[in-house]
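First the structure, in the form of structure tokens, and then the observations on it.
There are 2 protein chains.
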Amino acid sequence: MFYESFKQMKKQLGQLDTWLGAAAAYADGKKFESKNFLGLRLVVDQFAFARQVQTACDTAKLAASRLAGKDAPTQPDTEETIDQLRERVRSVIAYLDGYTAKDFESAATRSITQPRWNGKTMTGADYFFEHAQPNFFFHLTTAYAILRQHGVPLGKRDYLGTLTQHAPQ
Amino acid sequence: MFYESFKQMKKQLGQLDTWLGAAAAYADGKKFESKNFLGLRLVVDQFAFARQVQTACDTAKLAASRLAGKDAPTQPDTEETIDQLRERVRSVIAYLDGYTAKDFESAATRSITQPRWNGKTMTGADYFFEHAQPNFFFHLTTAYAILRQHGVPLGKRDYLGTLTQHAPQ
Chain A
100 MFYESFKQMK KQLGQLDTWL GAAAAYADGK KFESKNFLGL RLVVDQFAFA
150 RQVQTACDTA KLAASRLAGK DAPTQPDTEE TIDQLRERVR SVIAYLDGYT
200 AKDFESAATR SITQPRWNGK TMTGADYFFE HAQPNFFFHL TTAYAILRQH
250 GVPLGKRDYL GTLTQHAPQ
Chain B
100 MFYESFKQMK KQLGQLDTWL GAAAAYADGK KFESKNFLGL RLVVDQFAFA
150 RQVQTACDTA KLAASRLAGK DAPTQPDTEE TIDQLRERVR SVIAYLDGYT
200 AKDFESAATR SITQPRWNGK TMTGADYFFE HAQPNFFFHL TTAYAILRQH
250 GVPLGKRDYL GTLTQHAPQ
């Protein structure tokens, strides 16, 4: 089920990629520089838009690597344009594409830590449910909200993407 | 693992309850009516705060009932105060407390529908990962953002709550 969750994270990152495309098109139509989005904040002491995107990316990437016991590539937070943010998002989707359900077989009980925890650990299951997944959706939704608040034409369907629905019998 | 996800939803609803308490305390300190929060919107064509809270509650409640093949109690959206919203949140936590892992044994393959889908269906797994869980976090994070944007003193620790961490060995 970790694998199912990462499949959904990949889908949500794909939606994020389309929101970035919509933001660039909106900027073109209004004739302002699309990179102006990167510094916007929903709240003055929250991360700016670019860092919301970077953090959503890193949260998904590092959750997969930590739960699978692998090393993830480090990515410097140097994006300065919407196109560069889209490349970052796509690189993480491609990275997650390299994982299979088998990679997460020992994930639930694996001992997880990260530098800021000062040696404390969490089980893989607790880390994923209590930390990684809520954080992923937090930064994803905040990025979406920043674009919406500044006029980019997006709606709930853009947030969720296409649903796997079956026709009535 | 559905059960694990609902445990986390319960935890997040408990955090939402504390945010509502912080909003009421902030209003008291600033001497304005705390019910003023209920009509605030992050974006003019998004749900107002009260409905963000109600929808987070309903998303969790209905996901559990649909995945378990049970009927959930209907709750009219009549809350007009922060205290009434807190009661709503707590009622859903109590409702979810009635579920055990066994209730979700057939959840992944259960056929799920809802009125607005015009007879279309989703498997329980697709419905949960593609629809219910992203929606839950969407409305939760949007509610949090509305409070943050209007000065309620909350931070990431209030969003995540206490983590199940273990001391260094």
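So the sequences go chain by chain: A and B. According to my numbering, the first sequence is numbered sequentially starting from 100. According to my numbering, the second sequence is numbered sequentially starting from 100. Note that CB positions come from ideal geometry on N, CA and C, so glycine has one too.
Inset, instruction - Can you grab the Cα-Cα spacing for the pair K109/B / L112/A, in whole Å? - result: Looking at the two C-alpha atoms, the distance is approximately 25 Å.
Inset, instruction - With F237/A as the anchor, note down where its alpha helix (DSSP H) starts and where it stops. - result: F237/A -> alpha helix (DSSP H) spans Q232 to Q248.
Legend entry - Start and end residues, alpha helix (DSSP H) containing R187/A: Here the alpha helix (DSSP H) through R187/A covers I181 to D196.
Inset, instruction - Less than 8 Å between the CB atoms is what I'm expecting for E132/A and A126/A, so what's the real figure, rounded? - result: With a Cβ gap of about 7 Å, E132/A and A126/A count as contacting.
Legend entry - Option nearest G120/A by Cα separation, candidates V188/A, S104/A, P172/A and A193/A: The candidate whose alpha carbon is nearest that of G120/A is V188/A.
Inset, instruction - Could you tell me which uninterrupted alpha helix (DSSP H) segments, each at least 4 residues in length, are contained entirely in the segment 117-143 of chain B, listed from first to last along the chain? - result: Assignment of alpha helix (DSSP H) within the segment 117-143 of chain B, counting only whole runs of 4 or more residues, yields no such run.
Legend entry - Residue-level contact to chain A via CB, Y258/B, 8 Å cutoff: It does; some Cβ of chain A falls within 8 Å.
Inset, instruction - Return the first residue and the last residue of the alpha helix (DSSP H) that K201/A is part of. - result: Here K201/A belongs to no alpha helix (DSSP H), and DSSP marks it neither H nor E.
Inset, instruction - Identify the continuous alpha helix (DSSP H) that holds F148/A and give its terminal residues. - result: Counting along the chain, F148/A sits inside the alpha helix (DSSP H) bounded by residues F148 to A167.
Legend entry - M221/A (DSSP reduced to helix, strand or coil): When DSSP states are grouped into helix, strand and coil, M221/A belongs to the strand group.
Inset, instruction - Enumerate in chain order the residues of its own chain whose CB-to-CB distance from K169/A is below 6 Å, with the five nearest sequence positions on each side excluded. - result: Excluding sequence positions up to five before and after K169/A, its CB lies less than 6 Å from no other CB in the same chain.
Legend entry - Inter-residue spacing [alpha-carbon to alpha-carbon] between A266/B and T212/A: Near 11 Å, if we compare the C-alpha coordinates of T212/A and A266/B.
Legend entry - Beta-carbon separation (whole angstroms), E178/B vs A159/B, contact threshold 8 Å: Not a contact, Cβ separation roughly 16 Å.
Inset, instruction - To the nearest angstrom, report how far apart E103/B and E229/A are at their CA atoms. - result: Distance between the alpha carbons of E103/B and E229/A: 10 Å.
Legend entry - Buried/exposed call for R185/A, threshold 16 Cβ in 10 Å: Burial is judged here by how many other beta carbons sit within 10 angstroms of a residue's own beta carbon; R185/A has at least 16 and is buried.
Inset, instruction - Give me whichever residues DSSP pairs with S210/B in a beta bridge. - result: Paired residue(s): T222/B.
Inset, instruction - Determine the contact status of Q153/A and D176/A, defining contact as a CB-CB distance below 8 Å. - result: If you check the CB distance, Q153/A and D176/A come in under 8 Å.
Legend entry - chain B contacts from the segment 200-232 of chain A (Cβ-Cβ distance under 7 Å): For the segment 200-232 of chain A, which is checked against every Cβ of chain B, the residues closer than 7 Å are W216, G218, K219, T220, M221, A224, D225, F228, E229 and H230.
Inset, instruction - Could you check which residue in A171/B, A122/B, Q174/B and T263/B has the C-alpha nearest to that of K219/A? - result: The closest CA to that of K219/A, considering only A171/B, A122/B, Q174/B and T263/B, is found on T263/B.
Legend entry - Counted within 10 angstroms of its Cβ, other Cβ atoms place A155/B as buried (16 or more) or exposed: The residue in question, A155/B, is buried, as its Cβ has 16 or more Cβ neighbours within 10 Å.
Legend entry - Residue from N217/B, L161/B, P214/B and V142/B with nearest C-alpha to L195/B: The candidate whose alpha carbon is nearest that of L195/B is L161/B.
Legend entry - Within chain A, the residues that Q111/B reaches when beta carbons sit closer than 7 Å: Within chain A, the C-beta atoms nearer than 7 Å to that of Q111/B come from P233, in chain order.
Inset, instruction - Go through its chain and collect everything with a Cβ distance to G245/B's Cβ below 6 Å, but skip five positions before and after it. - result: Correcting the residue identity first, residue 245/B is Ile in this sequence and not Gly. The beta carbon of I245/B is closer than 6 Å to those of L139, L141 and F148 in its chain, skipping five residues each way along the sequence.
Legend entry - Beta carbon proximity, A162/B to chain A, threshold 8 Å: False, the Cβ-Cβ gap to chain A never drops below 8 Å.
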